[in-house]
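A short worksheet on the structure shown next.
Numbering (our numbering), first residue to last: 1165 to 2106.
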């Protein structure tokens, strides 16, 4: 073949000078030589392939022998570029040189096809009038051998190391372009030869089996993309190989779309469609400037794609971390990255979606520590290992279960304003006038306790006239908008004690109280000096403030890193708890009446009462014994009241009764200290840490509670005038003081039993750790920046279904507080939440919560509604959510897809703005924001 090639060139270069007499001799010679060439090709076609490789390797001697003067410079530049790409990747990104076993073999296959075309061209010059049928046979033979070579190279390439694969890939990226350049330069003679080659190639391709043709189209397309270094965004190395091995078929429209997309960017792709187009238009020569321009644009395209791939890699990591074992975000019919997840209405091309879903699945299969993997679904077996308030509370109120699904016409539900006396301050379970009329007695403040309607209201609470968005913390501690809580009675009666004052459009709070008119901070420091072992913010972290007023004491304890559960009844001191919540201070409406407080036993480090007006000594000390139940062994009771320091007959009588009672309860009077600035005194008591005093009492009064009296049972459980024994088992909760804050936040409680199954099926201590890791990642990677929430405007937060308190713990470094709610029928994990330095309460979400309207900036509900709808309808629950969330406040729901859809419909009917809703594998997430909309019509009177 090489000899034939030289003879052909020599023949053409000297054809003009030959005499007519020599023509006959030359013609005969050429015919004989043509017959010889035809015979040798039909017998030994494998040698043709070998010769083709030889010609390609020696292109400097043959392929450029007849080119013009510009070729030497082009050869030098090509060699320079080839050196860069073969020996050193230069500035190429990692994606451009990543190993891919099939890429090498495919590029070699393309080389062989093109080199075969070059040999065909040489052979055409010598054969003259060789038949098309013989050419087809030769091409089919070459193609078959080339395909066999590809299979062999595929098997060998899989055994090569990473470095060898990268080097091969770099060479394959250059060879197709250079071979095409050489072929074009060599083919500067007549265009008839090229036309014949294309006709033969077109016939050959049309005669191939359909499956093989599809496979070759895919190889052509991918071989073109790789020299230009355009990579599929989001694809991993393993994805590329897996797709080549498992998916031999590629749709032609998909390839055409990719080619059409790349053409405007300077990409010259060699595929079957272009060959057919070139048949009619002829070959366009690629000069060196065009190659350099194409390479430059290809590199720019690759860099742009790499940046998009890096962004998407981050997004996919965020999203996949969120949805591993407990998949909770993504609807495959919507977006495929987390940034586009926030734009739920964005449409993507179908091919892009398929590609990203494959990449995501690959990422999920290789990521061990993703967000979702840290917290599996709740274990059914764990329910037997945990008690709940429903099981513990003997007098738990039975709920009527509505068997209907409650899903009919939810989106078109018609809402009305609540037609009640309380107006904008309506609390359904505290303002139930019908139930209050039926009370037989109010001796134990039964009229201040909860009396919920049989069915939750489905009306909406109106806004106060002139309502404005609340002032942000910490400014809200000093002042709030008057129109938001337009009540002046407390300012009139308590203004001289610096509780609250009216100042223009604002209500201001000087920080005082009945016992600390000169400010809460001074009073807090006074208590620390009186009892050095208090150690605010370290040993003392969670306290209970009884009869809190406007909660200035708890509001300023934030400066000492102390969390205060403040409560007061809804009484003649109108809106005192509402003032606290509007200021950004945690508080609930509750009373010490006839039932236990909604807290577990032995959880508060300190209980505080400053002129709280509670008759502790009455009813055999029943109310003080309730404080004994919730106070931690070794904890302090701080009593700052007139009986401590005044000598009026009534005060003396109360003091004497309290002294006898506390002594009988084995409380140790630690100190009585006087605050000279405020002219008040405080008595500090300490609860015992052993049962020794109880056993030595001469009289069993107050009596010890029966052994079957569960101290943790509180839901609708009446108060009992008895004391529970202090735990003595080292493995039992209450035998040791928790670690100092903030160490106690992340450390699993010592009393969590390793043999006990946790909520998610792991041993309880491991469950605790995994829960904390999960919520830390979810909050940092999703909630902080992925939901469009301005956390500077968030202060009051509620976790409507807390488990271990992981969500609240993840918000530790943000200036917010979280009310953790453990549901009536959920495992009783509330003691764990207190043990780690957080707080919360028990509640049944089929009833109204004991708080004022417009109290919270953000509600978080993790798998709450899907469980609730088994016991009650969701319409009243969503009406309650609307009641307690402020205008502009947020709701985050993570739940089953069906529940997400129902909640979304209800929120839309309430004119909430749904920012995000996604679901995947029957799990979903929803984020919504409340607006200012209120209906105009009032609910009909009953």
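Just so you know, even glycine gets a beta-carbon here, dropped at the ideal spot from N, CA and C.
About 5 Å separates the CB atoms of residue 2101 and residue 1580; that is less than 8 Å, so the two are in contact.
Measuring C-alpha to C-alpha distances from residue 1712 to each of 1700, 1721 and 1732 identifies 1732 as the nearest. Around the CB of residue 1578, fewer than 16 other CB atoms lie within 10 Å, so the residue is classed as exposed. The shortest C-alpha to C-alpha distance from residue 2078 to any of 2093, 1599 and 1726 is the one to 2093. Under the 8 Å Cβ criterion, the segment 1684 to 1692 does not count as touching the segment 1746 to 1753, having fewer than three qualifying pairs. DSSP places residue 1855 in no beta strand (DSSP E); its state is neither H nor E. The beta carbon of residue 2041 sits closer than 8 Å to those of 1620, 2009, 2010, 2029 and 2032, all from its chain and outside the five residues before and after it, given in chain order. Assignment of residue 1726 by DSSP, reduced to helix, strand and coil, places it in the coil class.
Residue 1801 sits in a strand when the DSSP states are folded into three classes. Annotation: residue 1668 to residue 1856 spans about 59 Å, alpha carbon to alpha carbon. Residues 1850 of the same chain have their beta carbon placed closer than 6 Å to that of residue 1832, with the five preceding and five following residues left out of the count. Contact between the segment 1619 to 1636 and the segment 1717 to 1737 is absent: fewer than 3 CB-CB pairs across the two stretches fall below 8 Å. Within the segment 1606 to 1663, complete beta strand (DSSP E) segments of at least 3 residues are found at 1643 to 1645, given in chain order. In the displayed model, residue 2050 falls within a strand according to three-state DSSP.
The alpha carbon of residue 1709 has as its nearest neighbour, out of 1670, 1754 and 1194, the alpha carbon of 1754. In the DSSP assignment, residue 1763 falls outside any alpha helix (DSSP H), carrying neither H nor E. Under the three-state reduction of DSSP output, residue 1818 falls in the helix class. Between residue 2096 and residue 1897, the alpha-carbon positions lie close to 46 Å from each other.
DSSP places residue 2004 in the uninterrupted beta strand (DSSP E) bounded by 2004 to 2007.
Under the DSSP assignment, residue 1932 falls in the alpha helix (DSSP H) whose first and last residues are 1928 to 1942. Shown here, residue 1773 sits in a strand according to DSSP, grouped into three states. Taking the Cα positions, residue 1860 is about 18 Å away from residue 1797. 1770 is the residue among 1542, 1201, 1770 and 1582 whose C-alpha sits nearest the C-alpha of residue 2001. Taking C-beta atoms as the reference points, residue 2074 and residue 2054 fail to come closer than 8 Å. Inclusion of residue 1802 and residue 1691 in the CB contact set at 8 Å is warranted, their separation being smaller than that value.
Secondary structure note for residue 1849: it is in no alpha helix (DSSP H), and the uninterrupted beta strand (DSSP E) holding it is 1844 to 1850. Annotation for residue 1794: no beta strand (DSSP E) segment contains it, though the alpha helix (DSSP H) segment containing it runs 1782 to 1794. By the Cβ rule, the segment 1891 to 1910 counts as touching the segment 1693 to 1703, because three or more pairs are nearer than 8 Å.
Taking the C-beta atoms as reference points, residue 1768 is found no nearer than 8 Å to residue 1808. The segment 1638 to 1646 makes no contact with the segment 2047 to 2067: fewer than 3 CB pairs, one atom from each, lie closer than 8 Å. Counting only the Cα atoms, residue 1862 lies some 46 Å from residue 1742. Look at residue 1813 here: in three-state DSSP terms it is helix. Around the beta-carbon of residue 1791, 16 or more other beta-carbon atoms lie within 10 Å, marking it buried. Here DSSP, grouped into helix, strand and coil, assigns residue 1701 to coil.
Between residue 1598 and residue 1759, the C-beta spacing is not below 8 Å.
Beta-bridge pairing by DSSP links residue 2024 to 1963 and 2056.
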